[in-house]
Amino acid sequence: MKNKKYLFILLILILYGCKKEVSVEKLEQTNNNKPNIILILTDDQGWADVGFNGGTDIPTSNLDRLAAEGVVFSNGYVSHPYCSPSRAGLLTGRYQARFGHDCNMPYEGNNDASVGTPLSEKMISEALKENGYRTSAIGKWHVGDHPDLHPTSQGFDHWFGFPGGGMNYWGISKGALNTIYRNGKKVPEEELSYLTDDFTDEAIDFITKKDKTPFFIYLAYNAPHTPDHATAKYLKNTKHIEYGNRNVYAAMVNAVDVGVGRIDSTLVANGIKENTIVVFLSDNGGRLNADNRPNRGHKGMLFEGGIKVPFFITWPEKLEPNQKYKKPISSLDLFPTFLEAAQLDVSNEKQLDGTSLLPYILEKKKTNPHEILFWRSVGGFEYAVRKGNFKLYKSAYKKKTLLFDLEKDSYERHDISDENPEIIANLELEYKKWDAKNIAPGWLDPHAENVLLEEERLQSILRKSIKNN
10 MKNKKYLFIL LILILYGCKK EVSVEKLEQT NNNKPNIILI LTDDQGWADV
60 GFNGGTDIPT SNLDRLAAEG VVFSNGYVSH PYCSPSRAGL LTGRYQARFG
110 HDCNMPYEGN NDASVGTPLS EKMISEALKE NGYRTSAIGK WHVGDHPDLH
160 PTSQGFDHWF GFPGGGMNYW GISKGALNTI YRNGKKVPEE ELSYLTDDFT
210 DEAIDFITKK DKTPFFIYLA YNAPHTPDHA TAKYLKNTKH IEYGNRNVYA
260 AMVNAVDVGV GRIDSTLVAN GIKENTIVVF LSDNGGRLNA DNRPNRGHKG
310 MLFEGGIKVP FFITWPEKLE PNQKYKKPIS SLDLFPTFLE AAQLDVSNEK
360 QLDGTSLLPY ILEKKKTNPH EILFWRSVGG FEYAVRKGNF KLYKSAYKKK
410 TLLFDLEKDS YERHDISDEN PEIIANLELE YKKWDAKNIA PGWLDPHAEN
460 VLLEEERLQS ILRKSIKNN
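Last residue of the sequence shown? That's 478 in our numbering, and every number before it is there in order.
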């Protein structure tokens, strides 16, 4: 009797062990089917600073080739016209005004954990990590200065980069925010060369780790943000550009292009390109020395030149090449898009403002991803609404509420607000209803003051040109 009892227990243990092995094997198979995801963000890059948007002076052959392998978004928007708020929206999939992050953090750098994207806001990295992904943040962070808000507290297993909003490209430390860290520890300056190359190297190292787990890499280059720093290697590729500042800026963009090409080659060499999603975009419109043509405006403005950016997605296993998607989409859409690609239930993340783009770019849905999009800067100091073809812009630069028909006037040359008071009223009402669900900025930055100074300088130049005729 006792022997039978032992045999029964042994049988149960064997069956349990087999079941456990099967479940582990099943989990591994599920994870192996999930795509790797690389989200590449550049900083202050102009619309026409890539060949796939018609640029001709900056060599971007790798970006152009990748864009041709997937889907280019010709109306790809970000959620804010400058750095930190745009990143907060991108990483959370929510309008950053929902949690009061519509300003850059105060520049003094003595910010506590109440300044930045709060830990209560779920990031893409957290959702993917919860579901079996290994996660890495590389490059510029700029959504929380305090160590409690750094990437390793926001769902990233690995972090290599700097916390602040800008840094020299040689890795020379200038205070806590402008120091390169690896997982919270300062990286010796002698180990750094040129940050764009260093960030590329780190991404390649993460990709090539011997691990069957799918990965998510958030690669946030600080290029081509100021300061204008480039190496002889990249300046050689842009020597045909005779305007000096544009020449250096172009070399910085070229460094990103070369880096992305190296990453793509690494995917190919490791046999994982087919099931790797690569998304490329800029955090906002281009700065001085960038080229936003033919769009009006630049970084900081809610004209198209401040919020419409170079933007594409590739996924060889699923997406057909040489596609152009013309309907308006947003950087807010990447969070739910990645979840659906990873075979996760997007409906579990009810807080999201974005929508998965997969049904649209796979042509399963013919409707618009968004019927309406909103932008709020500095607590409503400026705001914009796009509904259908019409775009309303309450512009502090122009001290006027502007209206454009983007189907007839995609470059925003002709303000039609005076002839369309009903449309203005409708869009302002839409904005008020949307903004009622937001909160006031948790802090302020100098943007409002800078806007007024910039516009006054422009008007002064115009007045002088007329006077001297």
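Note that beta-carbon positions come from the ideal geometry of N, C-alpha and C, so glycine has one too.
Since the model is a prediction, treat every value here as computed from it, not as a measurement.
Whole-number beta carbon distance between residue j and residue i, since they are thought to touch under 8 angstroms
i           : j           : result
residue 125 : residue 153 : 3 angstroms
residue 229 : residue 258 : Incorrect: roughly 18 angstroms between the Cβ atoms, too far for contact.
residue 52  : residue 233 : 7 angstroms
residue 190 : residue 196 : 6 angstroms
residue 101 : residue 130 : 5 angstroms
residue 103 : residue 361 : 6 angstroms
residue 275 : residue 216 : 5 angstroms
residue 54  : residue 314 : With 8 angstroms as the limit, residue 54 and residue 314 do not qualify as a contact, their Cβ atoms being about 12 angstroms apart.
residue 279 : residue 149 : Incorrect: roughly 26 angstroms between the Cβ atoms, too far for contact.
Cut-off 6 angstroms between Cβ atoms - residues of its own chain near residue i, not counting five sequence neighbours on either side
i           : result
residue 138 : 144, 164
residue 423 : none
residue 289 : 49, 321
residue 243 : 260, 263, 264
residue 464 : 406
residue 86  : 316, 317, 339
residue 451 : 109
residue 175 : 234
residue 147 : 169, 170, 208, 211, 212, 228
residue 178 : 203, 204, 238
residue 461 : none
Sub-8 angstroms separation of residue i and residue j beta-carbons
i           : j           : result
residue 93  : residue 151 : yes
residue 323 : residue 158 : no
residue 368 : residue 84  : no
residue 90  : residue 266 : no
residue 173 : residue 187 : yes
residue 223 : residue 141 : yes
residue 291 : residue 269 : no
residue 312 : residue 440 : no
residue 388 : residue 351 : no
residue 3   : residue 383 : Lying outside 10 to 478, the shown extent of the chain, residue 3 is not represented and no answer is given.
residue 82  : residue 72  : no
residue 247 : residue 256 : yes
residue 413 : residue 425 : yes
residue 225 : residue 134 : yes
residue 105 : residue 88  : yes
Which of helix, strand or coil DSSP assigns to residue i
i           : result
residue 77  : helix
residue 98  : helix
residue 235 : coil
residue 460 : helix
residue 39  : At residue 39 the pLDDT is 49, less than 50, meaning the model places this residue with poor confidence; the figure from the coordinates comes in the next sentence. Helix, per DSSP.
residue 266 : helix
residue 177 : coil
residue 45  : strand
residue 161 : helix
residue 72  : helix
residue 427 : coil
residue 320 : strand
residue 468 : helix
residue 414 : strand
residue 287 : strand
residue 144 : strand
residue 432 : helix
residue 381 : strand
residue 51  : strand
Cβ neighbours of residue i in the same chain (closer than 8 angstroms, five flanking residues each side left out)
i           : result
residue 455 : 116
residue 371 : 327, 328
residue 446 : 107
residue 380 : 396, 397
residue 286 : 44, 45, 46, 47, 322, 323, 324, 347, 350
residue 416 : 398
Own chain, CB closer than 7 angstroms to residue i, minus 5 neighbours either side, in chain order
i           : result
residue 281 : 45
residue 198 : 180, 181, 182
residue 283 : 325, 326
residue 297 : none
residue 121 : 155
Burial state of residue i (16 or more Cβ within 10 Å)
i           : result
residue 252 : exposed
residue 111 : buried
residue 301 : buried
residue 355 : buried
residue 391 : buried
residue 343 : buried
residue 421 : buried
residue 331 : exposed
residue 22  : Confidence at residue 22 is low in this model, with a pLDDT of 48, below 50, so its placement is unreliable and the value that follows should be read with caution. Exposed.
residue 458 : exposed
residue 307 : buried
residue 394 : buried
Chain D contact for residue i (CB, 8 angstroms cutoff)
i           : result
residue 288 : Absent here is chain D; the protein component of the structure consists of one chain.
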